[in-house]
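This report refers to the structure that appears directly beneath it.
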Amino acid sequence: MADAWTVEWHGIDLADEGRREALCTLGNGRFATRGAAPESVADGVHYPGTYAAGCYNRLSDEIAGVTIENESLVNLPDWTDLRFAIEDGEWIQLSARNVVEHRVALDLRRGLLIRVTRFDDPRGRRTTMRQRRFVHMAQPYLAGLHTVFTAENWDGRLRIASGLDGRVVNSGVERYRDLAGRHLETIGTGHPAPGTVFLAARTTWSQVLVAEAARVTVVPGSGTRSPAPRLCAQSDSVCLEFDPELRRGEPLAVEKIVSLVTSRDPAVAEPTTAAVSALADAPTFDELLETHELAWHQLWRRFRLDLTDGEEATTDETLRSLRLNLFHVLQTLTEHNLDVDAGIPARGLHGEAYRGHVFWDELFVFPVLTLRLPGLARALLRYRTRRLDAARRAARADGHAGAMYPWQSGSDGREESQRVHLNPRSGRWMPDTSSLQRHVGLAVAYNIWQYYQATADLEFLADHGAEAMLEITRFFAGLATYDAARDRFRIRGVMGPDEFSSRYPGAETPGLDDNAYTNVMTVWLLGRAQDVLAALPTARRTELVERLAITPTELLRWRDVARRMYVPIAPDGIISQFEGYRDLPELDWDDYRSRYGDIRRLDRILEAEGRSVDEFQASKQADVLMLFFVFSADELRALLTGLGYALPPEVIPRTIEYYVARTAHGSTLSALVHSWVLARAHRAQALEHFEQALQSDIADVQGGTTAEGVHLGAMAGCVDLLQRCFAGLETRHDALWFNPHWPRRFGRLEFSLQYRGRPVDVVVSGREVQVSAGPGAYGPVRVGCGDRVLALHPGESVRFTAVGVLEDADADAAAEG
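Per the working numbering, residue 17 is the first one in the sequence shown, and the count goes up by one each step.
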């Protein structure tokens, strides 16, 4: 690999193409296209896919006599389509048999996918093909593909066909392939101008109109006249065919500029007209590339992230991986999302896993965005607040007041979780109870409050955020029921973040009682509801209290629940994941690892054996430990103390060790959280988990899931781990706070952020942090570390040294092992 800005692949590996195509996805927030070769089709090896943010459709299936509905992010017509053949031969299919050289490079700095392939046809005629591709970051309707063919040892005719292919279905996830996947119907194709074609389609249920237009130009290298194209149109596709002459050693360029518009886009009267118009105004590939590169340059400046003066090989590899992860976050979520009503899809716009739905993974994404593009964070939070009425309807249907947000959300905010799911290991369809993860609403409220803390955006809080937080508070307060025997409030029949634990052994009804994460987060939320009301301007507070009919009696109940919530704590002081968790038998972890190797999906293994993971103290991912992720030890201790529980310092490492030993890490988020909670006391283990989280998609640690879409929460979370865990960055009490604890083998960590409209640069090395306020006309930035708080004016810098158990290089090195 050339540098920390470039990711390269060499040779053809059919078993790895799916992962490569997902990691080579290019996008601009509005839409994204997988990195499949333009000449490829969906054949089990390759999978072309293009997805527009928020473009969903609903289809039905009959499973075991039950009608099942699924809403999915729609695979849109393939705009990359480009086929080629020599003379009258068949369209060339590139494979290990006829390719003599193949290199793909993803240029992270420029948002450019580069491909160089040398291949032979059956008669031994060798050709070099060089391709560049972008999805334009500045002009969000446009994309470009530029291909140069050079004949090495022959002269003759090259046949080229390029256009738009509407014969696409959603078939990118193997376990979904037996379900309905045809989401589009083509409603028209056309040839509006020389060298230009368009294709218009409509989703079958949601009636979203999608239009693509393509301009294809063939430019011979010798300066001879470009060949005239032939139009070839079928019911679901349209293309232009060319027959240029190639001379040995002379390059021939094929330039393709594409526009993509949907009826969901703002300021669009009719998508086809808009797509054709956008294409007519578009300049050449190289001119577009120049403005595309400028947009990426400006974006990377906002999201600057550097590692310097570390062990060179380790630092470069880590930095490249971090930038690749951040690159995919920035392609999925950009300022173009400001006008698009779409949330944060857990698998990005990179594939069809989870059907493109929005989960609680956004909890791990917002901290990176809020401190750099607060306007984008606000727009993404609006996805949730716009669906407040849907959450209210869900709560009423479940017999509760307030707002109950869905575990999986799509177009309109209804619950999109499947009722059944397939275990590929056993081939059986099993009940899916994941919709009982009510804690997603707590994450929504947490994200709103953290955004307000980082931005002081009182307008958003007053106009949108407060109402959502208060209604979520009302729901969880109502979910809590009083237990006279304990003189405590309890929350029953839910699931926590650990998706392995869904019901008690032998129980007919799913759900667990007193999930510790849910109960403690509810107590936190009840406290923040008081803060929200206090923060609002008097008139707005009065309006909300009147509109929501919040009575003094209800406020008293909120305070009562906040003081007397039950948290299951075992006699040894360790917080139980839920009531009865510690009574479950232990799993023989060594036995299962020796028999199966990879046991991340322990639930599927046990189900195939005729058993259930619910029978054991076994977790898919961090659950109790999430409390140490969202709260500092002091914050968590204060919450528990307010309930009358103790959290002695020695109990924290015991709790962490207890759950580390019982977690299968079936989620990419799990290693991230474990790295976070281990960072202070077990540095070597923390770094192991950090590397695992960092490599989640790059190395496809789950064995095939990356091909179905990247894990956006883990990708953003790795960057957040650096800034908020290792750099110890917090936004609280109207200040930026630091408690640095950076591994010295990575040298210095440098990053930029924006805090309440003020640019800030941060350099972290070991236990030291330097904070610099950028130039500009704004007030001072309050910066703190330990018990010191300073007002930093524009152009000023300050250096802090944190005081803790690891204060010198020798101790730090010892902790790293």
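The C-beta atom is built at its ideal place from N, Cα and C for all residues, glycine as well.
- Residue range 98–102 is occupied by the beta strand (DSSP E) that includes PHE100.
- Residue environment for VAL116: exposed (fewer than 16 other C-beta atoms within 10 angstroms of its C-beta).
- Counting only runs of 3 or more residues that sit fully inside the stretch 547–629, no beta strand (DSSP E) segment turns up.
- A contact between stretches requires three or more CB pairs, one per stretch, nearer than 8 Å, and the stretch 147–165 meets this requirement with the stretch 305–319.
- Distance from the CA of HIS809 to the CA of GLU333, rounded to the nearest whole angstrom, comes to 36 Å.
- THR96 and LEU161 have their alpha carbons spaced roughly 7 Å apart.
- In the same chain as LEU315, and ignoring 5 residues on each side of it, the C-beta atoms closer than 8 Å to its own belong to MET153, LEU346, THR350, in chain order.
- For ASN353, the secondary structure class from DSSP, reduced to helix, strand or coil, is helix.
- A Cβ-Cβ distance of about 7 Å is found for the pair ALA709 and GLY733, placing them in contact under the 8 Å criterion.
- Taking C-beta atoms under 8 Å as the contact rule, ARG408 and ALA419 qualify, at a distance of about 5 Å.
- The three-state reading of DSSP puts SER222 in coil, since its state is none of H, G, I, E or B.
- Per DSSP, the unbroken beta strand (DSSP E) holding ILE176 starts and ends at 172–181.
- Counting only residues of its own chain and dropping the five nearest sequence neighbours on each side, MET511 has a CB closer than 6 Å to the CB of LEU452, GLN453, SER518.
- One alpha carbon belongs to PRO796, the other to ALA807, and they sit about 6 Å apart.
- In terms of Cα proximity to ASN755, the closest of ASP428, ILE714, THR747 is THR747.
- DSSP places GLY527 within a strand segment (E or B) once states are collapsed to three.
- Contiguous beta strand (DSSP E) elements confined to the stretch 393–450 occur at 436–439, 444–447, taking only those with 3 or more residues.
- Shown here, TYR370 sits in a helix according to DSSP, grouped into three states.
- A straight line joining the alpha-carbon of VAL717 with that of HIS681 spans about 10 Å.
- Non-local beta-carbon contacts of THR401 in its own chain, meaning distances under 7 Å to residues more than five positions away in sequence, involve HIS480, GLY481, ALA484 in chain order.
- Put simply, the backbone Cα of ALA793 is about 34 Å away from that of MET731.
- Residue range 253–258 is occupied by the beta strand (DSSP E) that includes CYS255.
- Distance from VAL356 to GLY51 at the Cβ level is roughly 23 Å; contact not present, criterion being Cβ atoms closer than 8 Å.
- Checking the DSSP bridge columns, you'll see ALA500 has no partner listed.
- In the DSSP secondary-structure assignment, ASN86 is bridged to LEU75.
- The shortest C-alpha to C-alpha distance from ARG508 to any of PRO526, GLY457, PHE644 is the one to PRO526.
- With fewer than 16 other Cβ atoms inside 10 Å of its own Cβ, ASN169 counts as exposed.
- The alpha carbon of ARG125 has as its nearest neighbour, out of LEU474, HIS313, VAL646, GLY81, the alpha carbon of HIS313.
- Pairwise C-beta distances place the stretch 384–398 out of contact with the stretch 435–453, as fewer than three of them are shorter than 8 Å.
- For secondary structure counted as the alpha helix (DSSP H) over 4 or more consecutive residues, the stretch 662–746 holds these complete runs in sequence order: 667–676, 684–694, 699–710, 728–736.
- As a beta-bridge residue in DSSP terms, THR202 pairs with ALA217.
- Within 10 angstroms of the beta-carbon of HIS727 lie 16 or more other beta-carbons, which makes it buried.
- In the assembly as shown, HIS749 is an exposed residue. Its beta-carbon has fewer than 16 other beta-carbons within 10 Å.
- Across the structure, TYR612 and ILE28 are spaced so that their CA atoms are roughly 29 Å apart.
- Across the structure, VAL436 and GLU190 are spaced so that their CA atoms are roughly 16 Å apart.
- With contacts defined as CB atoms closer than 8 Å, ALA410 and GLY494 fail to qualify as a contacting pair.
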